[in-house]
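Asks: Going down the list, the protein sequences come from chains E and R. Per the working numbering, the very first residue in the first sequence carries number 39; after that it's consecutive. Per the working numbering, the very first residue in the second sequence carries number 39; after that it's consecutive.
Number of protein chains: 2
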Amino acid sequence: MNQNKKVVIIGGNACGMKTAARLRRRAAKADIIVFEKGAFISYGSCGFPYYISGSVKDYHSLIGGVGSVRDEAYFDSVKGVKVITKSEATLIDRENKEVEVINHRTGESARHSYDVLVIASGGIPSQPKINGKESVTGVFTVTTMQEIIAIREYIEMNGVKEIIISGGGFIGVEVAEALKEKDLSVKIIKKSDKILPSLFDEEMSLLIAKHMEEKGVEIIIGDEIAGVTSDDKGLLKSIVTEKGKVLSAGIILVSKGFIPNTGLAKDAGLECGDSGAIRVNPNMRTSDPDIYAGGDCVECTHLVTGKQMTLALGSLANLQGRVIADCIAGDDAVFPSVPGTAIFKIFDYTACRTGITEKEAKELGYECISAIVPGPDKPPFYPGVKPVIIKLIVDKKTKRILGAQILGPGDAAKRMEIIATAITFGATVDDMSMLNLAYSPPYSPPMDNIINAANAVVNKIKGLAAGLSPLEVKKKLDRDDDFIYLDVRSEEEFNRMRIDHPKVMLLPLGKLRSEGSRLPKDKEIVASCMSSLRAYEACVILKAMGYQKVSFMDGGLMAWPYALST
Amino acid sequence: MNQNKKVVIIGGNACGMKTAARLRRRAAKADIIVFEKGAFISYGSCGFPYYISGSVKDYHSLIGGVGSVRDEAYFDSVKGVKVITKSEATLIDRENKEVEVINHRTGESARHSYDVLVIASGGIPSQPKINGKESVTGVFTVTTMQEIIAIREYIEMNGVKEIIISGGGFIGVEVAEALKEKDLSVKIIKKSDKILPSLFDEEMSLLIAKHMEEKGVEIIIGDEIAGVTSDDKGLLKSIVTEKGKVLSAGIILVSKGFIPNTGLAKDAGLECGDSGAIRVNPNMRTSDPDIYAGGDCVECTHLVTGKQMTLALGSLANLQGRVIADCIAGDDAVFPSVPGTAIFKIFDYTACRTGITEKEAKELGYECISAIVPGPDKPPFYPGVKPVIIKLIVDKKTKRILGAQILGPGDAAKRMEIIATAITFGATVDDMSMLNLAYSPPYSPPMDNIINAANAVVNKIKGLAAGLSPLEVKKKLDRDDDFIYLDVRSEEEFNRMRIDHPKVMLLPLGKLRSEGSRLPKDKEIVASCMSSLRAYEACVILKAMGYQKVSFMDGGLMAWPYALST
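1. Starting from Phe208 of chain R and walking both ways along the alpha helix (DSSP H), at which residues does that stretch end?
2. Put Ile130 of chain R into one of helix, strand or coil per three-state DSSP.
3. Please name the residue, chosen from E:Ser173, E:Lys383, E:Pro546, that lies closest to Tyr574 of chain E on a Cα-to-Cα basis.
4. Does DSSP classify Val508 of chain R as helix, strand or coil?
5. Roughly how many angstroms lie between the CA atoms of Val104 of chain E and Ala52 of chain R, to the nearest whole one?
6. Closer than 7 Å by C-beta to Arg360 of chain E: which residues in its own chain qualify, once you throw out the five before and the five after it? Chain order, please.
7. Please report the residue range of the alpha helix (DSSP H) in which Met183 of chain E lies.
8. The beta strand (DSSP E) with Pro298 of chain R in it runs from where to where?
9. Helix or strand or just coil, what does DSSP make of Val104 of chain E?
10. Between the alpha carbons of Ser478 of chain R and Phe382 of chain E, how many angstroms are there, rounded?
11. Let's test the definition: count the other Cβ atoms within 10 Å of the Cβ of Tyr600 of chain E and tell me whether it reaches 16, buried, or not, exposed.
12. What residue range is occupied by the uninterrupted beta strand (DSSP E) comprising Cys390 of chain R?
13. Taking Cβ-Cβ distances shorter than 7 Å, what residues in chain E pair up with Lys383 of chain R?
14. For Lys383 of chain R, which beta-bridge partners are listed by DSSP?
15. Residues in the region 454-470 of chain R with C-beta within 7 Å of chain E's C-beta atoms, listed in sequence order?
16. Does the distance from the C-beta atom of Glu262 of chain E to that of Lys229 of chain E stay below 8 Å?
17. Report yes or no: is there a C-beta of chain R within less than 8 Å of the C-beta of Val104 of chain E?
18. To the nearest angstrom, report how far apart Thr279 of chain E and Phe385 of chain E are at their CA atoms.
19. Taking 8 Å as the CB-CB limit, is Met591 of chain R close to chain E?
20. Where Asp519 of chain E and Lys248 of chain E are concerned, what is the direct C-alpha to C-alpha distance, given to the nearest angstrom?
21. With 16 as the cutoff for other CB atoms within 10 Å, does Pro298 of chain E come out buried or exposed?
22. Could you please give me the residues that DSSP links to Gly333 of chain E through a beta bridge?
23. Quick check: is the beta carbon of Arg534 of chain E nearer than 8 Å to any beta carbon in chain R?
24. Can you check whether the CB of Ser159 of chain R is closer than 8 Å to the CB of His142 of chain R?
25. Using only the alpha-carbon positions, how far apart do Arg534 of chain R and Val411 of chain E sit?
26. In this structure, what does DSSP give as the bridge partners for Glu562 of chain R?
27. Would you call the region 185-193 of chain R and the region 362-378 of chain R touching, i.e. three or more CB-CB distances under 8 Å?
28. Using a Cβ cut-off of 8 Å (strictly closer), state whether Lys452 of chain E contacts chain R.
29. Report, in whole angstroms, the separation of the C-beta atoms of Ile456 of chain R and Ile488 of chain R, which I expect to be a contact under 8 Å.
30. Between which residues of its own chain and Gly170 of chain R is the CB-CB distance below 6 Å, once the five residues before and five after are set aside?
31. Which residues in the same chain have their Cβ closer than 8 Å to the Cβ of Ser603 of chain R, if we skip the five residues on either side of it in sequence?
32. To which residues of the same chain is Gly205 of chain E closer than 6 Å at the C-beta, ignoring the five residues directly before and after it?
33. Pick from R:Lys437, R:Tyr192, R:Ser569: whose alpha carbon is nearest that of Gly413 of chain R?
34. Taking Asn356 of chain R as the query, report the chain E residues whose CB atoms sit under 8 Å from its CB, ordered along the chain.
35. Per DSSP, which residues does Lys44 of chain E bridge with? Please list them.
36. Given 8 Å as the limit, is there contact between the region 74-88 of chain E and the region 209-222 of chain E, that is, 3 or more CB pairs closer than that?
What follows is the structure, encoded as structure tokens:
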């Protein structure tokens, strides 16, 4: 590259600052300038929930990397990058290769020329229509550093005790957790019928919701905030929902997702995709070869579907920044297709996912086989063992892994990383069932949970096992279908906890070979246990005894998202 | 398959019992019989260190899976598998397809016919020559359930306070940790010059040893137990080493690795490899098509080198058992090449590895590029963040990842699983640098440690960075080479801890752009900081200022395995 190039970057967060820092290392003499409309740069917005809750004490610690705070002075002295905050780009003049920037400190606008422009303008929070919103204080989105500082201050200053979260996406869920752990009353109001709807299949979403409700978060689905009322100081006092529910409320946090911030790009005539985000090629170049874009304002290619989509993840924004800088420096760096991996801490649970859901897979026409496999994350003898539940989705024809969802108090994160990596390389379920993972009792069982999950799917593909999802079993019980729900746990386990329904019959696995023949031969049998391991075993035994219509409930009672009797 | 086949399995541990259980599910009518020479079956020998130390209270909990204890009765009633313990196979008669088995309870021998035979006879511990060993009590290997029960009993009954471990392999290291945590005196005596020599490169091995020594384990290298003395009751009292050192000792635990237990197989004329283990094809079949073998007594194919080797891992024994059962049932199941992943808990550290070491890579003729990259395992602002140190080894020509070693108090396990999975699919370092991993502050930094490690190697391959290993820097300092060791941390950090040597010079990174020019232009400069991040940055700045001979110390002071001044 021309070492004296002038590179202008719009946006001083993950993608923008990564581009700047990397580019400086690649091009010592380039003139690099970053315009950021807010007051802060290079902050970890993924840390916002933990600042709001106070588990991160000082917001300054959200700004920066290892060893030192990343501010304008740091970037100037250490990185040799000029950063100008409170400066918002208002126009891209592609013909003259200039950007117009308004300085919010002075109110003055100026034009800056560029050789290469990088758009890293992020996203804009979706704003619901709420009657009376403009005349009350106490309604916030959770987007910028300024906002989260204001949110924590508002909660503390006004002694807010009742939090309403509008939207059940992942920031809403994380903030709900963070605030509930401060012992506040937290309610999520969600228009659709479940939380995290696009990220998890229904049974997994229900299990997450069940856990949140056990922890005291109230989840109101199929409703929406319609209006608000305030006290005489103008502070938020209550909300009215579309269905007419009135709830007292100290603060509303809006978390209804983000729209890519692409106004500038569109005005400049840059190509955008159906998702509304800026379209880029694998080098992160826009339709204008002198303009790159990255972060929450661009489209990515989904590795499983091959489709364009938006994926607002700080981790990817960093990777894209690196690709952009390397391309500006003259490399043919490529940002690849990605599986869409995401993870959340939700109270005692980790919930994570990658690839596509079973619902998406079916909509895309895949004949897919899934399994729900709960199990201990270490050998049962090792202290501190905890369960995780894995849902694995596989294309029956090619055996390729399409997606996975993992949750529970055990080490779900590790398992997700394995599957996300495997999916990235096009792994089949057979490949996954034979991985040489890092086994030792403090870390995992000898057959890791993901290997068991892979084997469960392999067995189904081979026709050795048939499973029914807990949702289907619930429907069968509710409809009072003619079948036997056969609980094969021990009597002691059964007495401790069970599904309460007249169809439920107990016959412990150890007695099945000797007493199984008393079951009616022609009836459908759905076996169940705690995790579906013994139920699978029971199916094998029953089939050998001549029973034809046998299946097991996928995931057993551990994956049962409804109430249980004790 | 012929559903009435008679399948005889020699060995009732991981591979043998997995074969039996899986085969029963595949072949309802097969006649399956397992002979185990010991008194216990299906136990988790990887849990032995934790039973010896008492963190696992009851040895029964080492036997079994989820929900129920795996004993003869369990396998009979639930799995429909006949297991006979204390019964040792003494001869394989391939011509007549019979196995001779001696029942140690009755002393009687009998012949049992088979259609298919499975050898899962495990390994035999290497026994060092120790003068006087036969006439003392208190010398144990750590191989069988009986032994570890005896070890714990012996320690408790005799109030043993001084443990000598002969051998520095991974069982020795794990047992050392387990016993040290009980506040006993623990010494490891090791013939070679470092611990875990084949698993870790020298700098990583030294870091592990440093941590063990900080925790109070004494490591004596380059020496060996030559003889023992006993008290008047015949109990072990002291040892004499080859170098003449006399140490008082309450118990000796021998952990010098295992020899594949292949006597039977060799006597029967089955093909064995150079490693001494039984040679099998990808279906786990031996040179006799009616005989399969799996577990610690067979060879595996190394995924990186393509060579045959032994790999005594319980996780693989389970996978192999499944492959054997599926093949007996008529499938073309394949046990793949494996990268050789292993993990250990060593006090506050996790230490793990996969693939080949840098030393091996060089011996095999690879031009390899490595990087040592320490970093926090979460964003610095998140509570409970801890460091991990990654060493990544990459083939310069193909960019393929050859191996990795990770250690530290942070979450090393997760990172190892990612790399082990990536290596399995032939990932290049570029692939790894662009993985879409599961990022959220409770789990990882936005740029995961393994992505930083991949980027460090990429930078070296591109010629953007040059690193020197801490071992090389130590040699340069010891030799008093003509160079500057430039510490670019802050003055405060420097005062807190540093390498004490006249060559060491402090110039904080923030001052480098303004004051760097006072460094002599022609001298070699090795920059260093805490993790090598700032040192890399310093190299970039110095190069831009015209300095030619600049490099940084790989891994910084976090990877410095020698003493530091405070």
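Cβ atoms here follow ideal geometry from the backbone N, Cα and C, with glycine treated the same way.
Replies: Let's see:
1. Position 170 of the second sequence, counted from the first residue, corresponds to residue 208 of chain R. Its alpha helix (DSSP H) spans residues 208-218.
2. The residue labelled residue 130 of chain R in the question sits at position 92 within the second sequence. Secondary structure at Ile130 of chain R: strand, using DSSP grouped into helix, strand and coil.
3. What you label residue 574 of chain E is simply residue 536 of the first sequence in a count that begins at 1. Ranked by Cα distance from Tyr574 of chain E, the first of E:Ser173, E:Lys383, E:Pro546 is E:Pro546.
4. By one-based count along the second sequence, residue 508 of chain R stands at place 470. The identity of residue 508 of chain R in the sequence shown is Pro, whereas the question assumes Val. Assigned with DSSP and collapsed to three states, Pro508 of chain R falls in helix.
5. Translated into the one-based positions of the first sequence, residue 104 of chain E becomes position 66. Translated into the one-based positions of the second sequence, residue 52 of chain R becomes position 14. Per-residue confidence for Val104 of chain E stands at a pLDDT of 49, beneath the threshold of 50, marking its modelled position as unreliable; the derived number appears in the next sentence. Note on geometry: alpha-carbon atoms of Val104 of chain E and Ala52 of chain R lie some 44 Å from one another.
6. For the purposes of this step, residue 360 of chain E is taken as the residue at position 322 of the first sequence. Residues of the same chain with a CB within less than 7 Å of the CB of Arg360 of chain E, apart from the 5 flanking positions on each side, are Lys56, Arg60 in chain order.
7. In the first sequence, the residue the question calls residue 183 of chain E occupies position 145. Judged by DSSP secondary structure, Met183 of chain E falls within the alpha helix (DSSP H) whose first and last residues are 183-195.
8. In the second sequence, the residue the question calls residue 298 of chain R occupies position 260. First-last of the beta strand (DSSP E) with Pro298 of chain R: 296-298.
9. Numbered from 1 along the first sequence, position 66 holds the residue referred to as residue 104 of chain E. Residue placement at Val104 of chain E is flagged as unreliable, the pLDDT there being 49, under the threshold of 50; a coordinate-derived value is accordingly withheld.
10. Position 440 of the second sequence, counting from 1, holds the residue named residue 478 of chain R. Position 344 of the first sequence, counting from 1, holds the residue named residue 382 of chain E. Going by the C-alpha atoms only, they are around 6 Å apart.
11. Here residue 600 of chain E refers to the residue found at position 562 of the first sequence. Exposed is the label assigned to Tyr600 of chain E, since fewer than 16 other Cβ atoms lie within 10 Å of its Cβ.
12. On the second sequence, position 352 is the one that residue 390 of chain R refers to. Start and end: 387-393.
13. For this step, residue 383 of chain R is matched to residue 345 along the second sequence. Those within 7 Å of Lys383 of chain R in chain E are Ser478, Pro480.
14. Here residue 383 of chain R is taken as the residue at index 345 of the second sequence, counted from 1. Among the bridge pairs identified by DSSP, Lys383 of chain R is matched with R:Thr388.
15. Taking a C-beta cut-off of 7 Å against chain E, the contacting residues of the region 454-470 of chain R are Met454, Glu455, Ile456, Ala458, Thr459, Ala460, Thr462, Phe463, Ala465, listed in chain order.
16. Here residue 262 of chain E refers to the residue found at position 224 of the first sequence. Here residue 229 of chain E refers to the residue found at position 191 of the first sequence. Yes; because the gap between Cβ atoms is below 8 Å, this pair is in contact.
17. Reading the first sequence from its first residue, position 66 is the one you call residue 104 of chain E. Any answer about Val104 of chain E is weak, because its pLDDT of 49 lies below 50 and its placement is not dependable; what the coordinates show is given next. Interface residue, yes.
18. Position 241 of the first sequence, counting from 1, holds the residue named residue 279 of chain E. Position 347 of the first sequence, counting from 1, holds the residue named residue 385 of chain E. Going from the Cα of Thr279 of chain E to the Cα of Phe385 of chain E covers about 27 Å.
19. For the purposes of this step, residue 591 of chain R is taken as residue 553 along the second sequence, with counting starting at 1. Among the CB atoms of chain E, none fall inside 8 Å of the CB of Met591 of chain R.
20. As a first step, residue 519 of chain E must be located in the first sequence, where it is residue number 481. As a first step, residue 248 of chain E must be located in the first sequence, where it is residue number 210. Looking at the two C-alpha atoms, the distance is approximately 26 Å.
21. For this step, residue 298 of chain E is matched to residue 260 along the first sequence. Classified as buried, Pro298 of chain E has 16 or more neighbouring CB atoms from the shown chains inside 10 Å of its CB.
22. To locate residue 333 of chain E, count along the first sequence from 1; it is residue 295. In the DSSP output, where bridge partners are listed per residue, Gly333 of chain E has none listed.
23. Taking the first sequence and counting its residues from 1, the one referred to as residue 534 of chain E is at position 496. Using a Cβ-Cβ cut-off of 8 Å, Arg534 of chain E does not count as an interface residue toward chain R, since no Cβ of chain R sits closer than that to its own.
24. Locating residue 142 of chain R in the second sequence gives position 104, counting from the first residue. Locating residue 159 of chain R in the second sequence gives position 121, counting from the first residue. No, Cβ-Cβ distance for His142 of chain R and Ser159 of chain R is not below 8 Å.
25. As a first step, residue 534 of chain R must be located in the second sequence, where it is residue number 496. As a first step, residue 411 of chain E must be located in the first sequence, where it is residue number 373. For Arg534 of chain R and Val411 of chain E, the gap between their C-alpha atoms comes out near 50 Å.
26. Taking the first residue of the second sequence as position 1, residue 562 of chain R is located at position 524. Within the DSSP secondary-structure output, Glu562 of chain R pairs in a beta bridge with R:Phe521.
27. Judged by Cβ distances under 8 Å, the region 185-193 of chain R makes no contact with the region 362-378 of chain R, as fewer than three pairs qualify.
28. As a position in the first sequence, residue 452 of chain E is number 414, starting the count at 1. For Lys452 of chain E, at least one C-beta of chain R is nearer than 8 Å to its own C-beta.
29. In the second sequence, counting from the first residue as 1, residue 456 of chain R sits at position 418. In the second sequence, counting from the first residue as 1, residue 488 of chain R sits at position 450. Confirmed, about 6 Å.
30. Position 132 of the second sequence holds residue 170 of chain R. Cβ neighbours of Gly170 of chain R beyond the five flanking positions: Gly265, Val266.
31. Locating residue 603 of chain R in the second sequence gives position 565, counting from the first residue. Non-local C-beta neighbours of Ser603 of chain R in its own chain, meaning closer than 8 Å and more than five positions away in sequence, comprise Met535, Arg536, Ile537, Asp538, ordered along the chain.
32. The count along the first sequence starts at 1 and reaches residue 205 of chain E at position 167. Excluding positions up to five away in sequence, the list reads Ser293, Lys294.
33. The count along the second sequence starts at 1 and reaches residue 413 of chain R at position 375. If we check each option's Cα against that of Gly413 of chain R, R:Ser569 comes out closest.
34. Here residue 356 of chain R corresponds to residue number 318 of the second sequence, with the count starting at 1. In chain order: Pro484, Met485.
35. Start at 1 with the first residue of the first sequence, and residue 44 of chain E comes out as number 6. In the DSSP secondary-structure assignment, Lys44 of chain E is bridged to E:Asp69.
36. Counting Cβ pairs under 8 Å, three or more are found: they touch.
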